[in-house]
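Below: the structure, in structure tokens.
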Amino acid sequence: MRDAGIRTVPARAAASAAALETAALQAAPRGLTRIALIGNPNSGKTSLFNQLTGLNQKVGNFPGVTVDRKTGISQLTAQHRAEIIDLPGTYSLYPKSLDEKVITDLLYDKTSGQYPDFVVVTADASNLRRNLLLFTQLADLGLPLVLALNMMDVAAQHGINIDLEALQEELGVPVIPMNARKGIGVAALKIVMAQQLDAATTTFYEPDEALVPMLRQIRYYFNLHNDYLALHYAHQFRHISFLTADNRAYIAELVTKYNFEATPRQAQETIDRYARINELLLNVVSVTRTEKAEPYSNRLDRVLTHKVWGYLIFLAVLFLLFQAVFSWASYPMELIDTGVAWINGLIQSNFNGPLISLLTEGVLAGLGGVLIFIPQIALLFAFIAVLEETGYMARVTFMMDRIMRKFGLNGKSVVPLISGMACAVPAIMSARTIENRKDRMITIFVTPLMSCSARIPVYTVLIGLVVPDQPVLGIFNLRGVALMGLYLLGFVSAVGSAWVLKLFMKTKERSYFIMEFPVYRWPRWKNVVLTIVEKVKAFVFQAGKVIIAISVILWVLASYGPGNSLEQAEQRVRANTAQLNETEVETRVASEKLETSYAGRFGHLIEPAIRPLGFDWKIGISLLTSFAAREVFVGTMSTIYSVGQDANELTVQQKLAAEKGPDGQPFFTPARAGSLLVFYVFAMQCMSTLATTYRETKGWTWPLLQLVYMTGLAYLASLLVYQVLS
Amino acid sequence: MSVRPTSAKAIAAPRSVKDLHLGETGTICCLKDPEMALKLLEMGCIPGTQVRLNSRAPLGCPITLVVGEAADYTLSLRVSEAATIMLKE
Numbered sequence: 141m142r143d144a145g146i147r148t149v150p151a152r153a154a155a156s157a158a159a160l161e162t163a164a165l166q167a168a169p170r171g172l173t174r175i176a177l178i179g180n181p182n183s184g185k186t187s188l189f190n191q192l193t194g195l196n197q198k199v200g201n202f203p204g205v206t207v208d209r210k211t212g213i214s215q216l217t218a219q220h221r222a223e224i225i226d227l228p229g230t231y232s233l234y235p236k237s238l239d240e241k242v243i244t245d246l247l248y249d250k251t252s253g254q255y256p257d258f259v260v261v262t263a264d265a266s267n268l269r270r271n272l273l274l275f276t277q278l279a280d281l282g283l284p285l286v287l288a289l290n291m292m293d294v295a296a297q298h299g300i301n302i303d304l305e306a307l308q309e310e311l312g313v314p315v316i317p318m319n320a321r322k323g324i325g326v327a328a329l330k331i332v333m334a335q336q337l338d339a340a341t342t343t344f345y346e347p348d349e350a351l352v353p354m355l356r357q358i359r360y361y362f363n364l365h366n367d368y369l370a371l372h373y374a375h376q377f378r379h380i381s382f383l384t385a386d387n388r389a390y391i392a393e394l395v396t397k398y399n400f401e402a403t404p405r406q407a408q409e410t411i412d413r414y415a416r417i418n419e420l421l422l423n424v425v426s427v428t429r430t431e432k433a434e435p436y437s438n439r440l441d442r443v444l445t446h447k448v449w450g451y452l453i454f455l456a457v458l459f460l461l462f463q464a465v466f467s468w469a470s471y472p473m474e475l476i477d478t479g480v481a482w483i484n485g486l487i488q489s490n491f492n493g494p495l496i497s498l499l500t501e502g503v504l505a506g507l508g509g510v511l512i513f514i515p516q517i518a519l520l521f522a523f524i525a526v527l528e529e530t531g532y533m534a535r536v537t538f539m540m541d542r543i544m545r546k547f548g549l550n551g552k553s554v555v556p557l558i559s560g561m562a563c564a565v566p567a568i569m570s571a572r573t574i575e576n577r578k579d580r581m582i583t584i585f586v587t588p589l590m591s592c593s594a595r596i597p598v599y600t601v602l603i604g605l606v607v608p609d610q611p612v613l614g615i616f617n618l619r620g621v622a623l624m625g626l627y628l629l630g631f632v633s634a635v636g637s638a639w640v641l642k643l644f645m646k647t648k649e650r651s652y653f654i655m656e657f658p659v660y661r662w663p664r665w666k667n668v669v670l671t672i673v674e675k676v677k678a679f680v681f682q683a684g685k686v687i688i689a690i691s692v693i694l695w696v697l698a699s700y701g702p703g704n705s706l707e708q709a710e711q712r713v714r715a716n717t718a719q720l721n722e723t724e725v726e727t728r729v730a731s732e733k734l735e736t737s738y739a740g741r742f743g744h745l746i747e748p749a750i751r752p753l754g755f756d757w758k759i760g761i762s763l764l765t766s767f768a769a770r771e772v773f774v775g776t777m778s779t780i781y782s783v784g785q786d787a788n789e790l791t792v793q794q795k796l797a798a799e800k801g802p803d804g805q806p807f808f809t810p811a812r813a814g815s816l817l818v819f820y821v822f823a824m825q826c827m828s829t830l831a832t833t834y835r836e837t838k839g840w841t842w843p844l845l846q847l848v849y850m851t852g853l854a855y856l857a858s859l860l861v862y863q864v865l866s
Numbered sequence: 019m020s021v022r023p024t025s026a027k028a029i030a031a032p033r034s035v036k037d038l039h040l041g042e043t044g045t046i047c048c049l050k051d052p053e054m055a056l057k058l059l060e061m062g063c064i065p066g067t068q069v070r071l072n073s074r075a076p077l078g079c080p081i082t083l084v085v086g087e088a089a090d091y092t093l094s095l096r097v098s099e100a101a102t103i104m105l106k107e
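Heads up: the protein sequence lines correspond to chains D and G, in order.
By this note's numbering, the letter at position 706 of the first sequence is numbered 846, and the numbering carries on one by one without gaps.
By this note's numbering, the letter at position 89 of the second sequence is numbered 107, and the numbering carries on one by one without gaps.
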């Protein structure tokens with residue numbers, strides 16, 4: 141899948157193509173120039189990527205790691221197309237987080253098929269000195285470079301004048317002034333990108349003389365093209381994913397032999413580079429006026445990070461987000477629901493047979509379960525994208541860090557926890573920005589405890605069943621309060637679990653909170669839209685595959701039983717219900733069949749274990765089917781409890797309310813419903829989440845811990861609720 | 019590792035960025051903590067650079083610093099991290 145984009149684009153070897161074109165073809169045998177986009181965070185890299193590629197983007201994975209690999213095709217000139225790789229933002233080539241490690245993995249191996257033909261470095265012109273640090277490192281690695289000098293307008297506002305010719309002279313590479321937000325300079329950049337570029341010739345830093353013997357050994361052993369690359373191997377051999385254990389042992393030996401200390405060397409290199417950059421900028425940058433007026437960002441911050449207003453505004457933003465995800469999203473969701481049901485009905489009324497029922501009850505039902513979440517996911521990510529684009533998210537992490545740290549989390553954990561209220565799958569993926577491993581693991585571990593949108597249908601049905609619809613304190617509704625309570629329970633358990641985990645996890649790694657505080661900006665709507673498209677696509681294709689597969693498996697389990705037991709069940713029902721009307725017989729047959737099926741047998745099998753929680757075998761089946769997606773619970777309950785008069789006219793809630801226990805009383809007492817609700821708050825019943833945790837933590841330890849811990853917690857909590865209430 | 023030898027030995031208690039008052043400006047002399055130093059250096063906290071304490075989070079931590087004299091940008095960091103950035107007197 142990773143290379144699909146490359147293969148589908150025809151090689152452009154047109155006879156009219158210039159000589160450069162042929163040269164580029166040689167460099168990239170597949171016929172596309174491969175260009176990597178690298179730059180500091182907040183240097184406008186994403187805007188530039190979107191300007192260059194538009195909707196021609198695809199997200200895959202980097203080999204071996206789970207970091208998204210965003211690539212796109214850009215039409216540079218009439219004849220020339222290039223593949224653009226968008227790399228995570230970074231301040232230097234010494235990676236501090238998983239995201240950043242992707243860059244070094246890509247740039248260290250010249251022989252890999254992924255190695256870029258050249259690199260476009262984005263730099264914030266209003267902050268040139270710090271942005272050039274990364275540039276000089278890339279230049280010293282011997283890569284062909286172009287400097288996209290972004291945010292020229294901001295620099296001009298600050299009174300910073302940049303002598304572009306002098307800068308180009310000093311850096312030895314093409315420098316293109318740009319304003320990527322407005323698309324200014326993109327055409328010029330494309331023209332330069334279409335050329336065959338040579339590697340940068342200016343060096344900015346020479347490794348210490350004393351290190352040269354060691355570096356040369358590494359360089360010749362791995363057949364590297366310069367000493368500086370060898371230095372990077374010495375610094376980071378433990379983290380370079382493509383090195384074998386033998387390779388690592390070889391470097392480890394050399395490093396010990398020459399007494400090579402990585403951290404102080406990296407610090408000294410950084411200082412030396414800054415000295416060199418300061419020197420070269422003397423002739424390039426002049427500041428005509430320094431801004432004395434207080435920036436508008438600061439004035440805004442005085443309100444938005446105020447000790448009272450700040451938190452109130454954050455709560456209001458959260459409220460708006462909930463409103464969007466739970467209320468506004470319901471209209472398109474209904475539309476999708478009826479749409480899928482309509483297609484289902486159309487197929488069922490025209491065709492018949494086991495394959496058709498596999499298609500409608502298995503595949504289409506599963507597909508519907510995936511599609512229905514698109515509005516919520518789109519809205520959630522629209523919100524998060526806007527909050528990040530404007531710079532507000534940085535303020536939220538800033539305000540929450542102190543509080544979150546008490547619980548073993550991090551200010552940056554706020555984003556995954558909030559996203560977890562929509563869906564844990566993208567939420568867990570968003571934990572990547574947390575550099576510290578311990579903080580990240582704890583965040584991933586507790587995120588599924590936040591009540592996700594798939595629990596909403598379960599909550600709504602069960603609350604409606606046992607909580608009376610009456611006002612509380614005049615303004616609230618008792619059912620609303622109960623729903624709020626369940627969300628709160630989820631949040632409290634997430635934070636509490638984090639705190640417990642903090643006590644058990646030991647780490648040598650330090651937790652950082654050093655980050656750039658961006659100025660407030662208007663969101664770039666193009667970026668927001670592209671984020672939504674990207675996230676929805678990822679959800680549909682990654683989580684969707686799992687959900688549909690499980691739906692099909694569950695359909696098989698619920699439709700077949702050992703031997704011909706299902707036919708026997710049908711005959712039994714038909715013999716006993718001759719006096720009833722046709723639809724009534726049908727529902728009884730369906731219910732009897734389900735009980736006899738593999739799923740039904742499973743329900744009976746686990747009944748002894750769940751009886752102390754107040755559950756019977758029917759709920760047992762629902763718990764099993766919930767593993768595909770929690771909201772399947774409602775559908776399953778609806779099928780199982782279809783026995784009764786005028787079944788078709790009853791809603792799920794009425795069916796459940798009509799269910800009688802052995803004593804003749806309603807089966808769903810407040811104790812039973814409460815126990816079931818609490819079970820759904822805590823239990824890990826989501827294959828997609830487990831699969832995501834597996835991908836993100838690169839092992840089965842964390843997902844299995846999550847499964848055992850959350851399900852155990854659910855069991856104990858349900859037991860407590862049922863035993864106390866009944 | 020001290021990136022530069024401490025010149026403020028004579029003074030009893032050398033000040034760090036943590037001790038700045040709101041709005042006060044100081045000049046970075048050196049970075050105390052080797053692990054933190056690299057990250058701080060990469061983010062532009064180089065010895066000799068001016069920093070101004072810009073704001074504190076509602077609960078006192080983290081804080082924001084404005085780095086540099088002309089081309090300002092803002093960093094946010096925890097008080098414990100700020101305590102590793104020593105100031106020139």
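The beta carbon of each residue, even a glycine, is placed where N, CA and C say it ideally should be.
Can you look up residue i in the DSSP assignment and give me helix, strand or coil?
i: T217(D); result: coil
i: P702(D); result: coil
i: V725(D); result: helix
i: E656(D); result: strand
i: D786(D); result: Unreliable placement is indicated for D786(D), whose pLDDT of 42 sits below 50; the coordinate value is still reported in the next sentence. The answer is coil: DSSP assigns D786(D) none of H, G, I, E or B.
i: N617(D); result: strand
i: V673(D); result: helix
i: D609(D); result: coil
i: R170(D); result: A caution first: R170(D) carries a pLDDT of 47, below 50, which makes its placement in the model unreliable, though a value can still be read off. Here R170(D) sits in coil by DSSP.
i: T92(G); result: strand
i: V205(D); result: Its pLDDT being 48, under 50, V205(D) is placed unreliably in this model, and the value from its coordinates should be taken loosely. If DSSP states are grouped into helix, strand and coil, V205(D) belongs with coil.
i: D249(D); result: coil
i: Q825(D); result: coil
Quick check: the Cα distance between residue i and residue j, rounded to an integer number of angstroms?
i: L475(D); j: T244(D); result: 46 Å
i: M850(D); j: V772(D); result: 19 Å
i: L283(D); j: L461(D); result: 44 Å
i: V783(D); j: R728(D); result: For V783(D), the pLDDT reaches just 43, beneath the cut-off of 50, and the residue's location in the model is therefore unreliable, leaving the point undetermined.
i: E409(D); j: S232(D); result: 11 Å
i: N190(D); j: L40(G); result: 40 Å
i: A698(D); j: A739(D); result: 5 Å
i: R221(D); j: K675(D); result: 26 Å
i: R545(D); j: Q516(D); result: 29 Å
i: A808(D); j: L796(D); result: Going by the sequence as given, residue 808(D) is Phe instead of Ala. Going by the C-alpha atoms only, they are around 7 Å apart.
i: R321(D); j: I380(D); result: 35 Å
i: P588(D); j: L557(D); result: 9 Å
Tell me, to the nearest whole angstrom, how far the beta carbon of residue i is from that of residue j; I am working on the premise that it is less than 8 Å.
i: N672(D); j: A522(D); result: Just to set this straight, residue 672(D) is Ile in the shown sequence, not Asn. Sure, about 5 Å apart at Cβ, within 8 Å.
i: K185(D); j: T262(D); result: 5 Å
i: Q825(D); j: T833(D); result: Between T833(D) and Q825(D) the Cβ distance is about 14 Å, and since that is not below 8 Å, they are no contact.
i: A638(D); j: G548(D); result: 5 Å
i: A279(D); j: F344(D); result: 6 Å
Could you name the residues that DSSP lists as bridge partners for residue i?
i: L867(D); result: Absent from the model: residue 867(D). The displayed extent of chain D is 141 to 866, so no value can be given.
i: L753(D); result: DSSP, once it has assigned bridges, lists no residue as partnering L753(D).
i: P806(D); result: K800(D)
i: C48(G); result: M104(G)
i: S489(D); result: For S489(D), which the question treats as bridged, DSSP gives no partner whatsoever.
Quick check: is the beta carbon of residue i nearer than 9 Å to any beta carbon in chain B?
i: E99(G); result: Chain labels in this structure do not include chain B; the protein chains are D and G.
With hydrogens ignored, establish whether the beta-carbon of residue i is closer than 8 Å to any heavy atom of the ligand COA.
i: R751(D); result: Absence of the ligand COA is noted for the structure shown, with no ligands found whatsoever.
Stretch-stretch touch, CB-based, cutoff 8 Å, three pairs: the stretch 87-101 of chain G with the stretch 31-45 of chain G: yes
- prompt: If you pair each beta-carbon of the stretch 650-670 of chain D with each one of the stretch 605-613 of chain D, do three or more pairs fall below 8 Å?
  reply: no
- prompt: Within the chosen definition, does the stretch 67-85 of chain G reach the stretch 531-549 of chain D through at least 3 CB pairs nearer than 8 Å?
  reply: yes
message: For the pair the stretch 496-514 of chain D and the stretch 408-422 of chain D, tell me if three or more CB-CB distances fall below 8 Å.
response: no
- prompt: Would the stretch 732-747 of chain D and the stretch 703-718 of chain D be scored as touching if the rule is three or more Cβ pairs under 8 Å?
  reply: yes
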